[in-house]
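Inspection log for the structure reproduced underneath, given as structure tokens.
Residue numbers (my numbering), protein chains in the order written: chain A, 31 to 141; chain B, 720 to 833.
The following block contains the structure:
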């Protein structure tokens, strides 16, 4: 079946940039999403990118998509302690309405 | 606009009992999905309902069931609870269309089975 993979942990210093990576296998993905989960809460939508785009910028967030390699990344500029959370990428296949989530990357920001 | 509301927030049940969880989607959203989240297994898809019909299903045993009402509110039921059912159950709603239709999550119901 379709799969989405992420590294489990990332640790950065406050003020640095964070880059969270995701690879997916579904070649018919239409949209790819990034979500953030803080302790004790549900997932919060951060941003999404359409599969025919290469890049999308939204304030401190930059999403890069390499469709050929099926690689998605989320860059957080000027990372703050409040960015410490678990980040999930997800894709949705054309015609299925079914979202496939990655395992989540736990981002720890050191003061 | 009110977000996705899940009730109750916390539940403690005993093995063998059954439980019903409730989810109220964002107004206008016709799709409701349910996920189970555990530290070991991550986020696992249970099922998705769209306009009162189950449209997608994950790989969970028949003890896990759901339904959706005409006002798009959804319930999830787990019968004959097992210790391994202890988890955070997340509900998410969306427009249910392809383009784009991001999921909006509630804060979850934390179920503990003893």
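For every residue, glycine included, the Cβ atom is placed at its ideal position computed from N, Cα and C.
Using a Cβ-Cβ cutoff of less than 6 Å, which residues in the same chain neighbour residue 740 (chain B) once the five nearest sequence positions on both sides are dropped? Walking along the second chain from the start, residue 740 (chain B) turns up at place 21. Non-local beta-carbon contacts of residue 740 (chain B) in its own chain, meaning distances under 6 Å to residues more than five positions away in sequence, involve 795, 808 and 828 in chain order.
What do you reckon, are the CB atoms on residue 800 (chain B) and residue 733 (chain B) nearer than 9 Å? Residue mapping note: residue 800 (chain B) aligns to position 81 of the second chain, counting from 1. Residue mapping note: residue 733 (chain B) aligns to position 14 of the second chain, counting from 1. Cβ distance < 9 Å, so residue 800 (chain B) and residue 733 (chain B) count as in contact.
Please go through the same chain and pick out, in chain order, the residues whose beta-carbon is closer than 6 Å to the beta-carbon of residue 63 (chain A), but skip the five residues on each side of it. The residue labelled residue 63 (chain A) in the question sits at position 33 within the first chain. Around residue 63 (chain A): 78 and 120.
Quick one: is residue 750 (chain B) near chain A, going by C-beta distance under 9 Å? Locating residue 750 (chain B) in the second chain gives position 31, where the first residue counts as 1. So yes, residue 750 (chain B) belongs to the interface.
At a threshold of 8 Å, does residue 130 (chain A) count as lining the ligand COA (C-beta to nearest heavy atom)? With respect to small molecules bound, the structure shown includes none, and the ligand COA cannot be examined in it.
Give me the Cα-Cα distance between residue 789 (chain B) and residue 736 (chain B), rounded to the nearest whole angstrom. Taking the first residue of the second chain as position 1, residue 789 (chain B) is located at position 70. Taking the first residue of the second chain as position 1, residue 736 (chain B) is located at position 17. Computed Cα separation, rounded: 28 Å.
Can a CB atom of chain B be found closer than 9 Å to the CB of residue 106 (chain A)? Here residue 106 (chain A) is taken as the residue at index 76 of the first chain, counted from 1. Judged by the 9 Å Cβ criterion, residue 106 (chain A) is not in contact with chain B.
Within 9 Å of any Cβ in chain B, is that where the Cβ of residue 122 (chain A) sits? The residue you call residue 122 (chain A) lines up with position 92 of the first chain. For residue 122 (chain A), the answer is yes, since a Cβ of chain B falls inside 9 Å of its Cβ.
Residue 761 (chain B) in three-state terms, based on DSSP: If you number the second chain from 1, residue 761 (chain B) lands on position 42. If DSSP states are grouped into helix, strand and coil, residue 761 (chain B) belongs with the strands.
Using a C-beta to C-beta distance shorter than 9 Å, which residues of chain D count as neighbours of residue 826 (chain B)? The displayed structure is made up of protein chains A and B, and chain D is not among them.
Suppose you measure from the CA of residue 56 (chain A) to the CA of residue 80 (chain A); what does that come to, to the nearest Å? Within the first chain, residue 56 (chain A) is the residue found at index 26, counting from 1. Within the first chain, residue 80 (chain A) is the residue found at index 50, counting from 1. Pairing residue 56 (chain A) with residue 80 (chain A), the inter-Cα distance amounts to about 14 Å.
Considering only C-alpha positions, which residue in the set B:782, B:726, B:758 and B:721 is nearest to residue 747 (chain B)? Counting from 1 along the second chain, the entry for residue 747 (chain B) is found at position 28. Measuring from the Cα of residue 747 (chain B), the nearest candidate turns out to be B:721.
Counting only Cβ pairs nearer than 9 Å, list the residues of chain A close to residue 819 (chain B). Position 100 of the second chain, counted from the start, is the residue given in the question as residue 819 (chain B). Per Cβ cutoff of 9 Å: 60, 61, 63, 78, 80 and 122.
Residue 66 (chain A) burial status per 10 Å Cβ neighbour count (16 or more: buried): Position 36 of the first chain, counted from the start, is the residue given in the question as residue 66 (chain A). Result: buried.
Show which residues of chain B have a CB atom less than 7 Å away from the CB atom of residue 112 (chain A). To locate residue 112 (chain A), count along the first chain from 1; it is residue 82. Neighbours of residue 112 (chain A) on chain B: none; closest Cβ ~18 Å, over 7 Å.
Using only the alpha-carbon positions, how far apart do residue 134 (chain A) and residue 749 (chain B) sit? Looking up residue 134 (chain A) in the first chain gives position 104. Looking up residue 749 (chain B) in the second chain gives position 30. Rounded to whole angstroms, residue 134 (chain A) and residue 749 (chain B) show a C-alpha spacing of 27 Å.
Looking at C-alpha atoms only, which residue of A:129, A:74, A:105 and A:59 is the closest neighbour of residue 89 (chain A)? Here the question's residue 89 (chain A) lines up with position 59 in the first chain. It is A:105.
Nearest to residue 811 (chain B) by alpha carbon, out of A:114, A:128, A:46 and A:124? Within the second chain, residue 811 (chain B) is the residue found at index 92, counting from 1. Ranked by how close their Cα comes to the Cα of residue 811 (chain B), the residues A:114, A:128, A:46 and A:124 have A:128 in first place.
For the beta strand (DSSP E) that contains residue 39 (chain A), what are its first and last residues? Numbered from 1 along the first chain, position 9 holds the residue referred to as residue 39 (chain A). Segment 39-43, the beta strand (DSSP E) holding residue 39 (chain A).
Other residues of its chain near residue 769 (chain B): CB distance less than 7 Å, five sequence neighbours each side excluded: Against the second chain, residue 769 (chain B) aligns to sequence position 50. Cβ neighbours of residue 769 (chain B) beyond the five flanking positions: 749, 750 and 815.
Own chain partners of residue 806 (chain B) with C-beta closer than 7 Å, once the 5 adjacent residues on each side are dropped: Taking the second chain and counting its residues from 1, the one referred to as residue 806 (chain B) is at position 87. Contacts found: 755, 756, 757 and 830.
Given a threshold of 16 other Cβ atoms within 10 Å of its Cβ, counted over all protein chains shown, does residue 729 (chain B) qualify as buried or as exposed? By 1-based counting over the second chain, the position of residue 729 (chain B) is 10. Counting Cβ neighbours within 10 Å, residue 729 (chain B) comes out exposed, since fewer than 16 surround it.
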